[in-house]
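Take 1 as the starting number for the sequence shown in UniProt numbering and just add one per residue.
All C-beta atoms in this analysis are idealised placements derived from N, C-alpha and C, irrespective of residue type, glycine included.
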Amino acid sequence: MIAGGTVLLFLDLLGTFAFALNGALTALRATRLDIVGVVTLGMITAVGGGTIRDVLLDSLPPATFADWRYYAVAAAGGLIAFLLGRHLERLNRPINVLDAVGLALFAVTGATKAVGLGFGRCPGSAGQPARRWRSG
């Protein structure tokens with residue numbers, strides 16, 4: 001049997017990857033950034049919301065700072081989007097699908113973390129405004 005913490009970590013990393021792809025594909029679509037810009041926007045989108053969530057929940061240091069896997073997964077998602085972006089754009093609405101997957105996974109992990117810390121419900125969408133703010 002898999003421990004609950006392992007499942008939540010997996011879901012959190014999967015959501016991080018989905019949002020990194022989402023942010024990087026949005027950057028490719030909206031601007032003509034080089035690989036550094038695309039991966040950076042993917043990473044901001046991927047870890048921005050979780051970092052804000054952890055700070056607001058006073059769960060310090062944020063998980064993204066305490067575990068290198070978040071940055072590795074976010075960078076991998078941004079890099080994959082940069083390298084395969086033109087092919088991924090041909091799929092049926094990939095950004096909307098990735099956005100929905102990432103938001104659903106982060107909502108589950110965020111709500112579980114908030115309840116575990118004694119809080120009520122909280123929104124699961126702080127990373128998207130961070131991406132929009134950085135991409136103009």
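Put simply, of 118, 14, 88 the residue whose alpha carbon is nearest the alpha carbon of residue 50 is 14. Here residue 47 is buried. Its C-beta has 16 or more other C-beta atoms within 10 Å. By the neighbour-count criterion, in which 16 or more other beta carbons inside 10 Å mark a residue as buried, residue 41 falls on the buried side. Closest in alpha carbon position to residue 21, among 38, 59, 6, is 38. Residue 107 and residue 62 have their C-alpha atoms roughly 16 Å apart. Sixteen is the threshold: when 16 or more other Cβ atoms of the shown chains lie within 10 Å of the Cβ of residue 26, as they do, the residue is buried. Taken through DSSP and simplified to helix, strand or coil, residue 19 comes out as helix. Note on the region 50–85: whole alpha helix (DSSP H) runs with a minimum of 4 residues are 63–66, in chain order. Here the C-alpha atom of residue 18 lies approximately 9 Å from the C-alpha atom of residue 74.
The DSSP-derived three-state label of residue 119 is coil. For the set 5, 16, 7, the Cα lying nearest the Cα of residue 69 is the one of 16. Less than 8 Å divides the Cβ of residue 57 from the Cβ of residue 114.
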